[in-house]
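Residue numbers (this note's numbering), protein chains in the order written: chain A, 9 to 334; chain B, 9 to 334. We treat Cβ as the ideally placed atom computed from N, Cα and C, and that holds for glycine. For reference, the structure is listed below as structure tokens.
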DNA sequence: TTGAAAGCGCTAACAT
DNA sequence: ATGTTAGCGCTTTCAA
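Encoded structure:
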């Protein structure tokens, strides 16, 4: 329609500098009239860049996860990338399916919110393949050369327990997340360290393992309450757990923080609105997501990562679910 | 490596039936050894199918939205499609950017969780273009020929208000979402209908418009409480609003349901864990999402939609935030 | 500043 | 059951 070549049209869209302003105008105008827009797929095939990254995450519905995703999406979008959502419900098989999108060039890289590595690393090595760019968010697969971004979970747990210790608590119940998760492992580590330093030991019967969801917090709390030596405080490894815990406590007629103090983890938006507002460890979830995306995009751009462990700051937020019993 | 043709390899992967079991085995084995996997991008270019759908949604972090997304992802995945996340923060511009992915063939269709239509429909018509497959979730753009899936918002609001009316409430405050949103409009409609049928009128000073978030509920509740004629019940157009409302009420020393009854909307997972557990309208959010995806995928498969308004069932869930004052 | 042309890796129609 | 081949719509090198 403009009588201009196909190459010039391409430049008009992608390299405005390499074409005269006049032709560019003409091309763009004609495109608008014809309803033409460049086929991104064809461009991707040619450049071997899909412009997508895939996020492998257990559950978008989880308040912490959804904030991570939001941060990823924001950073990716601002760099011209789109995000493919891989909701896995914790299934290793689905993790692999989504990871395979990088192999099939549907995605240029992977953000992995899981502790499992989604590739058979020996087989890949045997085939002489390189792994696609991948970064670990919040969790660690334990593989070398994979950048990870998270808070210092161990220190965060130490901070939480120290807070309770300072308040005079000596018997502290713990409700962990899935213990396969490295973040839960680190946090439990922190708990033991803090307790040991205070000359206390960790009573296993008051350490309940569940998952990061509300119903797990509820269930675990019932278990703790069934023990004969009840703790005076409970440290929950997620706010959702803490919310379930609060709920269970309420149903037992127990007052928080009157009878028992509760500490959460994450500082999800709801934490502030709980009854009582929850003392918790704030994680910069959106920043973690955004940082993951930026590191991944740098890797995709060919930058070799130099720092493999990105630690973002956490913060103890004291609200009304904890009190001094000194 | 197998000495077999390129077409046979293609068939071995995609049409297992059109190739002998033996060759297929050989091909797959060789692929594994070589670390080969089919380039999805190239296939997409050839078939003019990206295998992606894009979801345009204001905020993944919202408890209702995240359940919608989860349903979409589940249905799409089970039909071999992936979902591209378009988090817009309510920006019309970003809605358009994401919608453009369908034009550029990065996505085969659009699920739109917005009341705004992301295309300039006149310009498209002028260019003689067809719109890409698109379905509306929860909201309506008001365009013909676009299937939508939602609950019957008006009836749901009638149900909520009737519940309060039956409990003896005569003065009911309302906290709506964004009034640009068709769901809020419909719900407010329902409120007026139910009230009028009871011979009551809707007092505008007790109808506060905000957004669907917790802080809006908090703020709106303060406004209602500042009026001299206080309602005995508040109907919130989302559970998040209700949670903010509960929080504000608590800070004023008001007991729910002792001093005031509160009804939410959505039945997000938190609703059950609130203090008190929230009476609310349950929406089948995941099903809405899944239904959107299935309709869209049918359209992508060339099926012309026959039903343009899919209504899924809602349900009033009575918990402990409402009580009789008769 | 613009154009010609090769080729990205696949699918599908057609031939064998 | 398998092979040959055109071509999807771009980008990019090289030439004009």
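Would you list the one or two residues that DSSP bridges to residue 191/A?
Taking the first residue of the first chain as position 1, residue 191/A is located at position 183. DSSP lists no partner for residue 191/A.
Quick check: the Cα distance between residue 253/A and residue 22/A, rounded to an integer number of angstroms?
As a working mapping, residue 253/A is identified with position 245 in the first chain. As a working mapping, residue 22/A is identified with position 14 in the first chain. Rounded to whole angstroms, residue 253/A to residue 22/A spans 55 Å at the Cα level.
When DSSP labels each residue in this structure, what does residue 93/A get in the three-state scheme?
As a working mapping, residue 93/A is identified with position 85 in the first chain. Residue 93/A: strand per DSSP, three-state reduction.
Among residues of its own chain, excluding the 5 on either side of residue 52/A, which ones have a beta-carbon nearer than 6 Å to its beta-carbon?
Within the first chain, the letter at position 44 stands for residue 52/A. Within the same chain, residue 52/A has close Cβ partners 58.
Need the endpoints of the alpha helix (DSSP H) that residue 79/A sits in, please.
Counting from one through the first chain, the residue named residue 79/A turns up at place 71. Residue 79/A -> alpha helix (DSSP H) spans 71 to 86.
Buried or exposed: where does residue 113/A fall if 16 or more other Cβ atoms within 10 Å of its Cβ makes it buried?
Mapped onto the first chain, residue 113/A falls at position 105. It is buried - the Cβ of residue 113/A has at least 16 other Cβ atoms within 10 Å.
Consider the Cβ of residue 278/B: report whether some Cβ of chain A lies at a distance smaller than 9 Å.
Indexing the second chain from 1 puts residue 278/B at position 270. So yes, residue 278/B belongs to the interface.
Could you compute how far the alpha carbon of residue 121/B sits from the alpha carbon of residue 267/B?
Along the second chain, one-based indexing puts residue 121/B at 113. Along the second chain, one-based indexing puts residue 267/B at 259. Going by the C-alpha atoms only, they are around 36 Å apart.
Mind checking whether residue 1/B and residue 198/B have CB atoms under 9 Å apart?
This structure gives no information on residue 1/B, because the portion of chain B shown stretches from 9 to 334.
Going by alpha carbons, who is nearest to residue 206/B out of 180/B, 256/B and 215/B?
The residue given as residue 206/B occupies position 198 in the second chain. Looking at the Cα atoms, 180/B is the closest of the given residues.
Secondary structure at residue 16/A, three-state DSSP: helix, strand or coil?
By one-based count along the first chain, residue 16/A stands at place 8. In the structure shown, residue 16/A sits in a helix (DSSP, three-state: H, G or I).
Can you name the start and end residues of the alpha helix (DSSP H) that residue 29/B belongs to?
Reading the second chain from its first residue, position 21 is the one you call residue 29/B. Its alpha helix (DSSP H) spans residues 29 to 42.
Hey, would you say residue 310/A sits closer than 9 Å to residue 76/A, going by beta carbons?
Here the question's residue 310/A lines up with position 302 in the first chain. Here the question's residue 76/A lines up with position 68 in the first chain. In this structure, residue 76/A does not lie closer than 9 Å to residue 310/A by Cβ.
May I ask you to list, following chain order, the residues of the region 181 to 201 of chain A that have a beta carbon less than 9 Å from some beta carbon of chain B?
none
Does any C-beta atom of chain B lie closer than 9 Å to the C-beta of residue 130/A?
Numbered from 1 along the first chain, position 122 holds the residue referred to as residue 130/A. Not one chain B Cβ lies under 9 Å of residue 130/A.
Quick check on residue 217/A: does DSSP put it in helix, strand or coil?
As a working mapping, residue 217/A is identified with position 209 in the first chain. Looking at residue 217/A - three-state DSSP - the assignment turns out to be strand.
Taking 9 Å as the CB-CB cut-off, is residue 118/A touching chain B?
Stepping through the first chain from its first residue, residue 118/A is reached at position 110. No, no contact with chain B.
Near residue 13/B, what residues of its chain come up, given a Cβ to Cβ distance below 6 Å and the 5 sequence neighbours on each side ignored?
The residue labelled residue 13/B in the question sits at position 5 within the second chain. Excluding sequence neighbours, residue 13/B sits near nothing in its chain.
Give the range of the alpha helix (DSSP H) segment to which residue 323/B is assigned.
Reading the second chain from its first residue, position 315 is the one you call residue 323/B. Not the alpha helix (DSSP H): residue 323/B falls in the beta strand (DSSP E), residues 323 to 325.
Leaving out five residues on either side along the sequence, give the residues of the same chain with a beta carbon under 7 Å from the beta carbon of residue 304/B.
Locating residue 304/B in the second chain gives position 296, where the first residue counts as 1. Answer for residue 304/B: 61, 117, 119, 141 and 143, listed in chain order.
Is there contact between the region 86 to 97 of chain A and the region 66 to 86 of chain B, where contact requires at least three CB pairs shorter than 8 Å?
yes
Please report the straight-line C-alpha distance between residue 151/A and residue 125/A, rounded to a whole angstrom.
Working through the first chain from its first residue, we reach residue 151/A at position 143. Working through the first chain from its first residue, we reach residue 125/A at position 117. Roughly 8 Å between the two C-alpha positions.
Between which residues of its own chain and residue 203/A is the CB-CB distance below 6 Å, once the five residues before and five after are set aside?
By one-based count along the first chain, residue 203/A stands at place 195. Cβ within range, chain order: 210.
For residue 219/A, tell me which candidate among 201/A, 208/A and 182/A has the shortest Cα-Cα distance.
Within the first chain, the letter at position 211 stands for residue 219/A. Closest by alpha carbon: 182/A.
For the structure I just gave you, are there three or more beta carbon pairs, one from the region 281 to 289 of chain A and one from the region 314 to 330 of chain B, closer than 8 Å?
no
Pull out every residue of the region 282 to 313 of chain A whose Cβ sits closer than 7 Å to any Cβ of chain B, in chain order.
283
Return helix, strand or coil for residue 21/B, following the three-state DSSP convention.
As a first step, residue 21/B is located in the second chain; it is residue number 13 there, counting from the start. Residue 21/B sits in a helix when the DSSP states are folded into three classes.
Taking the C-alpha atoms as reference points, what is the distance between residue 54/A and residue 50/B?
For this step, residue 54/A is matched to residue 46 along the first chain. For this step, residue 50/B is matched to residue 42 along the second chain. Each residue's alpha carbon lies about 9 Å from the other.
Using only the alpha-carbon positions, how far apart do residue 135/B and residue 110/B sit?
As a first step, residue 135/B must be located in the second chain, where it is residue number 127. As a first step, residue 110/B must be located in the second chain, where it is residue number 102. Looking at the two C-alpha atoms, the distance is approximately 16 Å.
Taking the alpha carbon of residue 291/B as the reference point, which residue from 27/B, 161/B, 148/B and 91/B has its own alpha carbon closest?
For the purposes of this step, residue 291/B is taken as residue 283 along the second chain, with counting starting at 1. Nearest C-alpha to residue 291/B: 161/B.
How would you list, in chain order, the residues of chain B whose beta-carbon sits under 7 Å from the beta-carbon of residue 52/A?
Taking the first residue of the first chain as position 1, residue 52/A is located at position 44. Per Cβ cutoff of 7 Å: 49.
DSSP three-state label for residue 171/A, please.
Numbered from 1 along the first chain, position 163 holds the residue referred to as residue 171/A. Residue state for residue 171/A is assigned as helix, using DSSP reduced to three classes.
Using three-state DSSP, classify residue 400/B as helix, strand or coil.
One cannot answer for residue 400/B here, as it falls past the ends of chain B, which runs 9 to 334.
Within 10 angstroms of its Cβ, does residue 273/A collect 16 or more other Cβ (buried), or is it exposed?
Here residue 273/A refers to the residue found at position 265 of the first chain. So residue 273/A counts as buried.
On a CA-only basis, which of 256/B, 315/B and 249/B is nearest residue 70/B? Give me that one, please.
By 1-based counting over the second chain, the position of residue 70/B is 62. Looking at the Cα atoms, 249/B is the closest of the given residues.
Identify each residue in the region 86 to 109 of chain B for which the Cβ-Cβ distance to at least one residue of chain A is less than 9 Å, and report them in chain order.
90, 91, 92, 93, 94, 95, 97, 102, 105, 106, 108 and 109
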